[in-house]
Amino acid sequence: MRLAHWGLALLLALPVLAPAQPPDAPPQTVQATLDAGQQERYRRLVHELRCLVCQNQTIADSNAPLAQDLRSQVERQIAEGRSDDEIRHYMTARYGDFVLYKPPVQRNTVFLWAGPFLLLLGALAIALRQLLRRRDAAAAPAAMPDRQALQKLLDEDRP
Amino acid sequence: MIPEIGHFLLILALGVAGLQFLLPSWGVWKRDARAMAFGQSAAQVQFALVFLSYLCLTWAFVQKDFSVTYVAANSHSELPLMYRISAVWGAHEGSLLLWMLMLSGWTCAVSVFNRRLPADITATCLAVLGAIAVGFLSFMLLTSNPFDRHFPVPAEGKDLNPLLQDPGLIIHPPMLYMGYVGFSVAFAFAIAALVSGRLDGAWARWTRPWTTTAWLFLTMGITLGSWWAYHELGWGGWWFWDPVENASFMPWLVGTALIHSLAVTEKRGLLKSWTVLLAIIAFSLSLLGTFLVRSGVLVSVHAFATDPARGVYILGFLAVVLGSAFSLYAWRAPQLKSDGDLVFFSREGLLLLNNVFLVVAAAAVLLGTLYPLFVDALGMGKISVGPPYFNAVFIPLTAPLAAILGLGMAVGWKRAKFAEVVRQLRWPAALALLLAAGLPFLWVGSSGFAVFAGVMLGSWVLLTSVHDLWGRVRAKRSLLAGLAAVPRCVWGMTVAHLGLGLWVLGVAFVSLHSVERDVRLAAGESAELHGYEFFLRGVDPVHGPNYDADRGTVEVTREGASVTTLHPEKRLYRAQQNVMTEAAVDESPFRDLYVALGEPFDNGDWSLRMYYKPAMQLVWWGGFVMFFGGILAASDRRYRLAKLAQAPVSADGKVTA
Numbered sequence: 081m082r083l084a085h086w087g088l089a090l091l092l093a094l095p096v097l098a099p100a101q102p103p104d105a106p107p108q109t110v111q112a113t114l115d116a117g118q119q120e121r122y123r124r125l126v127h128e129l130r131c132l133v134c135q136n137q138t139i140a141d142s143n144a145p146l147a148q149d150l151r152s153q154v155e156r157q158i159a160e161g162r163s164d165d166e167i168r169h170y171m172t173a174r175y176g177d178f179v180l181y182k183p184p185v186q187r188n189t190v191f192l193w194a195g196p197f198l199l200l201l202g203a204l205a206i207a208l209r210q211l212l213r214r215r216d217a218a219a220a221p222a223a224m225p226d227r228q229a230l231q232k233l234l235d236e237d238r239p
Numbered sequence: 060m061i062p063e064i065g066h067f068l069l070i071l072a073l074g075v076a077g078l079q080f081l082l083p084s085w086g087v088w089k090r091d092a093r094a095m096a097f098g099q100s101a102a103q104v105q106f107a108l109v110f111l112s113y114l115c116l117t118w119a120f121v122q123k124d125f126s127v128t129y130v131a132a133n134s135h136s137e138l139p140l141m142y143r144i145s146a147v148w149g150a151h152e153g154s155l156l157l158w159m160l161m162l163s164g165w166t167c168a169v170s171v172f173n174r175r176l177p178a179d180i181t182a183t184c185l186a187v188l189g190a191i192a193v194g195f196l197s198f199m200l201l202t203s204n205p206f207d208r209h210f211p212v213p214a215e216g217k218d219l220n221p222l223l224q225d226p227g228l229i230i231h232p233p234m235l236y237m238g239y240v241g242f243s244v245a246f247a248f249a250i251a252a253l254v255s256g257r258l259d260g261a262w263a264r265w266t267r268p269w270t271t272t273a274w275l276f277l278t279m280g281i282t283l284g285s286w287w288a289y290h291e292l293g294w295g296g297w298w299f300w301d302p303v304e305n306a307s308f309m310p311w312l313v314g315t316a317l318i319h320s321l322a323v324t325e326k327r328g329l330l331k332s333w334t335v336l337l338a339i340i341a342f343s344l345s346l347l348g349t350f351l352v353r354s355g356v357l358v359s360v361h362a363f364a365t366d367p368a369r370g371v372y373i374l375g376f377l378a379v380v381l382g383s384a385f386s387l388y389a390w391r392a393p394q395l396k397s398d399g400d401l402v403f404f405s406r407e408g409l410l411l412l413n414n415v416f417l418v419v420a421a422a423a424v425l426l427g428t429l430y431p432l433f434v435d436a437l438g439m440g441k442i443s444v445g446p447p448y449f450n451a452v453f454i455p456l457t458a459p460l461a462a463i464l465g466l467g468m469a470v471g472w473k474r475a476k477f478a479e480v481v482r483q484l485r486w487p488a489a490l491a492l493l494l495a496a497g498l499p500f501l502w503v504g505s506s507g508f509a510v511f512a513g514v515m516l517g518s519w520v521l522l523t524s525v526h527d528l529w530g531r532v533r534a535k536r537s538l539l540a541g542l543a544a545v546p547r548c549v550w551g552m553t554v555a556h557l558g559l560g561l562w563v564l565g566v567a568f569v570s571l572h573s574v575e576r577d578v579r580l581a582a583g584e585s586a587e588l589h590g591y592e593f594f595l596r597g598v599d600p601v602h603g604p605n606y607d608a609d610r611g612t613v614e615v616t617r618e619g620a621s622v623t624t625l626h627p628e629k630r631l632y633r634a635q636q637n638v639m640t641e642a643a644v645d646e647s648p649f650r651d652l653y654v655a656l657g658e659p660f661d662n663g664d665w666s667l668r669m670y671y672k673p674a675m676q677l678v679w680w681g682g683f684v685m686f687f688g689g690i691l692a693a694s695d696r697r698y699r700l701a702k703l704a705q706a707p708v709s710a711d712g713k714v715t716a
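First to last, the sequence lines map onto chains A and B.
Each residue of the first sequence is one higher than the one before, counting from 81 in the numbering used here.
Each residue of the second sequence is one higher than the one before, counting from 60 in the numbering used here.
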């Protein structure tokens, strides 16, 4: 969070309309060097990486110099034949887990990933117990035929 | 002078809200009819005071009174009138005032429309709403007064955040707040049910139109927010799983669950304590959302540190409201008995399942939104949770909902025969399969498993809704007579479900089959995207009222035939020196063509981002259709007639109680 603040201050201090591209950077027509499969990987990866100096944006969605730099970094590494995991590893080694919008499953994210599905199981179990308990409670009186008939009459009365 | 009057009116409103809480509460306790009736006049006076105070702040903006700190921080002499009026809710203090205006408006509406309800129910509702108003008004007066003055008076304002200078942002926040705040009425009804111990079909019938109305505003607010982000942020996205968006989405999910469980409570007298709990949770999430968004806790933890008074007050207020509501619930809810038994394969059983999935989905969104804060606070490292996480978790949790929805409409209340339902739904199912197999090829020219599943679910929802309506109409003499006989609340359900189906179709196509390209173009060059030719005629400087812009002219052709001319802009707002992207979009039912200007190069070339987005419009239409369905459902005559019919019975009930 502190990093985001600092970055924001830095961004505001920059002359905004000046060309953000350093002169020796690769041209912005990205993906030209990549084949179709690599372009697909590129698109997925840039949507998973956080622009560290922005408020809350992926590097795909930001024009900040850092985001542009990281985009071309991703492109270059894909072209060099590195795997997705190697690229993610390179990013986390430099910027920490904060750079990944899809946090890896590890000690401090176990509950993040497992939580929703545990909750679903728990909620389904509670709902099922309610259903079963109600059925047990209802089973005895419902067995009496006159009560059933009475209920039926009542039901027909309802619109 | 005017700002001081506004400030004074707020103080008066605080006093009135205090009385509105105390007197009716005392009246309910002592069964004093006059004290209970006081709530109604207090609610109306409070609304008048807050409304006038709101007008005072608006006046300060219109008059460019920069001696008011809040106006100076959020306006500018060059800001157009339209945006000076909407700038009232452009930042923390003013948006609290808007929130307060909505709250007193809803309260006033309750005092008017609830006249036929039992006096103790109305009185408890108004007392609860009064207590919430006290909390918000004192929060404003103590920590966030929009009328504070400062000297010396600056010659110029700092301008409204350029992101907010967009027509979409004029109606989006009021709609969203109407929805957020509207859940306070459902909350008040839930408390009234717990206090009075009266929770039956009639209670559910009183609560339903209020809940549906809040929900439809929230639906519209979220849709407009998404539409705005799509046009204004320039990244072609329409949903970012940003904490601010999540804050509005969680109450929507729980509110949707509440609408469905209220139906069960009304029709079958089941799930009573669950319905009450949902009403409490929906409002809690609204409160949490309002505070999280406006206090900036989620964007930066430092927002609390910069103004500890606000942070402490927020936490204290949340603790008091939620603490007392949940304590009351824990105390009284066990006494709420259901009237019958619940069978799994029945409409109520499937609606329970719908609730399970909706609530767990909301919990997952909450978990993902707050998790980085917790991990950071516990010193376990800094992580980010973003769209890839939410998509991975949210889609499996909500996809079953669409499947259940189709079944649920075909299944009757109480119990149903599985074989009979399968027989009934064989045609919609077959047709949905056919569409899933064929439609992607027709629409976007390719297919895959994900889009197959998405189209399958979307068309399943659409087809089963139509099938359900057909089942109601078929027995009648003529189609027209049949359609006329369908009650409005059923129309509401059908239309809202159709909206959801359209939305699912739109989301499936646009998220799976969009094509994007970043290119570098000089004037006179062109680039190809999905069969369309984008020709950059040139980029020219233009001047707006408070900004200077570079305005591109992009001519789009397809196989030589002209399609459209687009004008994406890059604006520099003079006061804050902020750069904003104004994307240009050619919208059509089948696809959007979207162009945004990137950065200029040294030699005058421009980077351009282009998108082909199939079925994007269906996402907005889906939202609008759901909104319309909400209007139909909330305006059903049944609710008004039911109130009339209910009045004498409940009056008797009160006498004997």
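Every residue, glycine too, gets a C-beta built ideally from N, C-alpha and C.
The Cβ neighbour count for H556(B), taken over all protein chains shown within 10 Å, is at least 16; the residue is labelled buried.
In the structure shown, H135(B) adopts coil according to DSSP, grouped into three states. Within 10 angstroms of the beta-carbon of G467(B) lie 16 or more other beta-carbons, which makes it buried. In this structure, the alpha-carbon of R124(A) lies about 12 Å from that of Y181(A). Interface with chain A (8 Å Cβ-Cβ cutoff): E658(B) is included.
Counting only runs that start and end inside the stretch 597 to 640 of chain B, the beta strand (DSSP E) elements of at least 3 residues fall at 606 to 617, 620 to 625, 628 to 632. One thing to note: I139(A) has its Cβ within 8 Å of the Cβ of A147(A). Residues of chain B with a Cβ closer than 8 Å to the Cβ of Q153(A) do not exist, since the nearest Cβ in that chain sits about 15 Å away.
Look at the stretch 184 to 209 of chain A: the residues with a C-beta under 7 Å from a C-beta of chain B are N188, T189, L192, G195, P196, L199, L200, A203, L204, A207. Taking 8 Å as the cut-off, the beta carbon of V335(B) is found no closer than this to the beta carbon of A458(B). Against T138(A), the close residues of chain B are G445, P446, in the order they occur along the chain (beta-carbon pairs closer than 8 Å).
Below the 8 Å Cβ cutoff, chain B contributes P446, P447 as neighbours of H127(A), in chain order. Close partners of V434(B) in chain A (Cβ separation under 7 Å): N188. Shown here, R650(B) sits in a strand according to DSSP, grouped into three states. Between the alpha carbons of D207(B) and T181(B) lies a distance of about 36 Å.
The residue among L155(B), F242(B), L188(B) with its C-alpha nearest the C-alpha of T202(B) is L155(B). In this structure, DSSP gives Y448(B) a helical state, which the three-state scheme calls helix. Among the bridge pairs identified by DSSP, Y670(B) is matched with E575(B), Y653(B). For I463(B), the closest Cβ of chain A is not nearer than 8 Å. Neighbours of G176(A) across chain B, judged by C-beta separation under 7 Å: K441.
Within the model, the alpha-carbon separation for Y430(B) versus L346(B) is close to 19 Å. Within the same chain, and ignoring the five residues on either side of Y289(B) in sequence, the residues whose Cβ sits closer than 6 Å to its Cβ are W297.
Counting along the chain, the unbroken beta strand (DSSP E) around S585(B) starts and ends at 585 to 588.
Between the stretch 233 to 241 of chain B and the stretch 261 to 279 of chain B, the count of C-beta pairs closer than 8 Å reaches three or more; the two stretches touch. Secondary structure of Y181(A) (DSSP, three-state): coil. Within the same chain, and ignoring the five residues on either side of G611(B) in sequence, the residues whose Cβ sits closer than 6 Å to its Cβ are V598, P627, L656. K476(B) counts as exposed, since fewer than 16 other beta carbons sit within 10 angstroms of its beta carbon. The beta carbons of R617(B) and G590(B) sit about 6 Å from each other, so the pair counts as a contact at 8 Å. Positions of the alpha helix (DSSP H) runs, each at least 4 residues long and wholly inside the stretch 365 to 450 of chain B, are given as 367 to 391, 406 to 436 in order along the chain. DSSP, read as helix, strand or coil, puts L561(B) in helix.
Within the model, the alpha-carbon separation for V109(B) versus P232(B) is close to 18 Å. Within chain A, the C-beta atoms nearer than 7 Å to that of Y430(B) come from L192, in chain order. In this chain, the alpha helix (DSSP H) harbouring K326(B) covers 302 to 327. Among the residues facing chain B, D141(A) is included, as its CB has a counterpart in that chain under 8 Å away. Secondary structure of L155(B) (DSSP, three-state): helix.
The Cβ-Cβ distance between A119(B) and V104(B) does not fall below 8 Å.
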